[in-house]
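Engineer: In terms of my numbering, the sequence shown opens at residue 3 and continues consecutively.
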Amino acid sequence: MKIQTRRDFLKQTTLGLGVAGAASQFAPLLAQTAGERPPRDASVSVLNPRARQPVGLIIDDSTCLVNLNRFAMPQFDEANDHKLAVYHRNWREWPVEIPDSFVRKFGEWCAGQGVKGKYSIVPFPACVGRLDRMLPGWTQRELNDSLELVRTLMLPNWDIHPEMNTHTRVIDTKTGHPHTDHSLKFMENWEWTRGRSADEIADYMSYALRILKNVGLPCEGITTPGGFGSNARPQLAQASFQSVRDVFGAEIPHYFRDLYSEGSESVAPRIENASGLDGNDPRCVVSILGCTGDWTGGWDNTPPGGVDKFITEDLKSGRMVDIIARGEPALMLAHWTGVYWNGQELGFKIFQEVVRRLKSKYDHLIWMKLSEVARYWAAKELTRIERIANTISFRAPFACPDFTVRCNAPANAAPRLRAPANSKPLSEISDPLKLVPGSWCREGEKLTFCFALSKGESKLELLD
């Protein structure tokens, strides 16, 4: 097994946080606590939403205006005692800014294509300045306009995550200043989480979340920078839940920390720490997994891996083809600095071609934000499903739009959904690709139903 932490440069450290490793090295770290699971009737299958294939794009290292890699490079170099060649690139030639004109160009194109996903906003990027106070080097109006662009253009289709506080040096949450220790022990990407409690990590996450709350950017999840939390995974999961619930009151917090860019390991979301499923305060946290490498251009503008690694020109192979064939969420990774690629937009051009090829091959994709994926998988795994004769009962700890199930049913069944707020028949359609909430279709001996799952009790009656 090989799990990746989204930063190729981590392979070059000697801290055990790298990308490559044997199963024995990583398996114990991935042994998260699943928590409760309800009984499920084996005759009822929960499908993907609307019987479609979830896809999405995870964008790391983005923020307002600041070209993060330009400012991060010398800090990483200092922390590594100037020993690693990867940090000796001529970062002074890189632009200090990724302009809002590019954010608008990218966001408008994605909106036109229906693309959704996650867009990081690093709250205190590389210690340059706090987004809820000021960014030295830019006017206050420029900062305000940049934040407004994220609120109006990106928020409808993208989850906003803090990528910790600075993505470089650890700050003291009591003073708001970076620690004076410049070593790896006080860099967010490396050792700081080792030996920390869930409460300590949650306090650190909450600081980042509050900055984004101050500027009107809601968050249901968190992205970890580099190796943050890789040696404290149970604490990371609990801290993600605590901080996102505390600051934003999110019902289903989620976090992005890991990915598999190759191999047969599942990339389905992991529902962790589930509890209280039959009570008034059900809880869980969802670990979202990416499925590709950083092939649109590295965080440090390394040459892109290219379109074919996602999907080949003949549309027959590539990582996206493999994952889509499995039916698991196919969530691609990109770094904003590589998407912009010092103004050459190399990563953006690659991603545009990936989307074109996906649309040429598939007619059943559904683009989703990470929060939407997290909610669906939480409902999929944590909803109690029982069947007696032709009545299917659901006990859902979380509501879920587009909930889709399949089962055998009488040939003349006329399905009716009975939920706390209503009772109504479902509309029959002829094509499963046309499924929307409140509809059903017959496929041979099986019926497929799509409906808005209510929190609490509901029933699906298959009446003759």
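Every residue gets a Cβ at the ideal spot worked out from N, C-alpha and C, and that includes glycine.
(1) Per DSSP, Tyr121 is paired with what?
(2) What are the boundary residues of the beta strand (DSSP E) that Thr195 is part of?
(3) Taking the straight line between their C-alpha atoms, what separation do you get for Gly231 and Tyr378?
(4) Should the segment 441-461 be called in touch with the segment 399-407, which here means at least 3 C-beta pairs below 8 Å?
(5) How should Glu459 be labelled, buried or exposed, when 16 other C-beta atoms within 10 angstroms of its C-beta is the threshold for buried?
(6) Can you list the alpha helix (DSSP H) stretches of 4 or more residues lying completely in the segment 125-182, in chain order?
(7) Among Pro40, Arg54 and Phe451, which residue has its Cα nearest to the Cα of Ile368?
(8) Which word fits Gln346, buried or exposed, when buried means at least 16 other C-beta atoms lie within 10 angstroms of its C-beta?
(9) Taking just the CA atoms, how far does Lys107 sit from Cys129?
(10) What are the boundary residues of the alpha helix (DSSP H) that Lys457 is part of?
(11) Could you check what DSSP says for Glu253 in three-state terms: helix, strand or coil?
(12) Can the beta-carbon of Gly308 be found less than 8 Å from the beta-carbon of Ile352?
(13) Quick test of your reading: Ser185 and Arg408, contact by CB under 8 Å. State the CB separation rounded to the nearest angstrom.
(14) May I ask you to verify whether the segment 216-234 touches the segment 153-165, counting CB pairs closer than 8 Å and requiring at least 3?
(15) Return the bridge partner residues of Ser289 from the DSSP annotation.
(16) What are the boundary residues of the beta strand (DSSP E) that Val407 is part of?
(17) Establish whether the CB of Ile390 and some CB of chain C are separated by less than 8 Å.
(18) Do the segment 313-322 and the segment 272-289 meet, that is, are 3 or more Cβ pairs less than 8 Å apart?
(19) Under the rule that 16 or more other beta-carbon atoms within 10 Å means buried, what is Arg39, buried or exposed?
(20) So Thr339 is in the alpha helix (DSSP H); what residue range does that whole segment cover?
(21) What's the gap between the Cα of Leu464 and the Cα of Ala44?
(22) What residue range does the beta strand (DSSP E) around Cys468 cover?
(23) Less than 8 Å between the beta carbons of Val249 and Arg212, yes or no?
(24) Shortest alpha-carbon distance to Ala411 belongs to which of Ser425, Ala391 and Phe405?
(25) Pull up the DSSP beta-bridge partners for Ile352, would you.
(26) Between Ala252, Met207, Ile254 and Val356, which lies nearest to Gln237 when the distance is taken from Cα to Cα?
(27) How about Glu267 and Gly37: are their beta carbons less than 8 Å apart?
(28) Run through DSSP, which three-state label would Phe73 get?
(29) Please report the straight-line C-alpha distance between Glu447 and Asp466, rounded to a whole angstrom.
(30) Cβ atoms of Leu67 and Thr339: under 8 Å apart, would you say?
(31) Quick one: grab the DSSP three-state call for Arg377.
(32) Tell me which residue opens and which closes the alpha helix (DSSP H) that Arg106 is part of.
(33) Contact between the segment 70-84 and the segment 120-134 is defined here as three or more beta-carbon pairs at a separation below 8 Å; is this criterion met?
(34) With DSSP collapsed to three states, give me the class of Leu384.
(35) Return the first residue and the last residue of the beta strand (DSSP E) that Ile224 is part of.
(36) Quick one: residues in its chain with C-beta nearer than 6 Å to the C-beta of Trp140, no 5 flanking neighbours on either side, listed in chain order?
Structural biologist: Put simply:
(1) Note: Tyr121 sits in a beta bridge opposite Ile61 and Ile162.
(2) Per DSSP, Thr195 lies in no beta strand (DSSP E) and is assigned neither H nor E.
(3) Taking the straight line from one Cα to the other gives about 25 Å.
(4) Yes: at least three Cβ pairs fall under 8 Å.
(5) Glu459 comes out exposed.
(6) As for any alpha helix (DSSP H) of minimum length 4 sitting wholly inside the segment 125-182, the runs are 142-151, ordered along the chain.
(7) The candidate whose alpha carbon is nearest that of Ile368 is Arg54.
(8) Residue environment for Gln346: exposed (fewer than 16 other C-beta atoms within 10 angstroms of its C-beta).
(9) Going by the C-alpha atoms only, they are around 27 Å apart.
(10) Neither: Lys457 is in no alpha helix (DSSP H) and is coded neither H nor E.
(11) Residue state, collapsed to three classes: coil.
(12) In this structure, Ile352 lies closer than 8 Å to Gly308 by Cβ.
(13) Actually they are not in contact, since the Cβ atoms of Ser185 and Arg408 sit about 55 Å apart, beyond 8 Å.
(14) Short answer: they touch.
(15) Per DSSP, the beta-bridge partners of Ser289 are Tyr257 and Arg272.
(16) That run of the beta strand (DSSP E) goes Cys402 to Asn410.
(17) Among the chains in the structure shown there is no chain C, since it carries only a single protein chain.
(18) Look at the beta carbons and you see the segment 313-322 not touching the segment 272-289: under three pairs across the two are nearer than 8 Å.
(19) The residue in question, Arg39, is exposed, as its Cβ has fewer than 16 Cβ neighbours within 10 Å.
(20) Membership of Thr339 in the alpha helix (DSSP H) is indicated by the continuous run Trp338 to Tyr342.
(21) Rounded to whole angstroms, Leu464 to Ala44 spans 17 Å at the Cα level.
(22) The question about residue 468 has no answer here: the residues shown for the chain are numbered 3 through 466.
(23) Going by C-beta atoms, Val249 is nearer than 8 Å to Arg212.
(24) If we check each option's Cα against that of Ala411, Ala391 comes out closest.
(25) In the DSSP output, where bridge partners are listed per residue, Ile352 has none listed.
(26) Cα-wise, what sits closest to Gln237 is Met207.
(27) Taking 8 Å as the Cβ cut-off, Glu267 and Gly37 do not qualify as a contacting pair.
(28) Residue state, collapsed to three classes: helix.
(29) For Glu447 and Asp466, the distance between alpha carbons rounds to 15 Å.
(30) Between Thr339 and Leu67, the gap from beta carbon to beta carbon reaches 8 Å or more.
(31) Here Arg377 sits in helix by DSSP.
(32) Its alpha helix (DSSP H) spans residues Asp102 to Gln115.
(33) Between the segment 70-84 and the segment 120-134 there are three or more C-beta pairs closer than 8 Å, enough to call the two in contact.
(34) In the three-state scheme derived from DSSP, where H, G and I count as helix and E and B as strand, Leu384 is classed as helix.
(35) Element bounds for Ile224: Gly223 to Thr225.
(36) Excluding residues within five positions, the ones whose Cβ falls inside 6 Å are Leu67.
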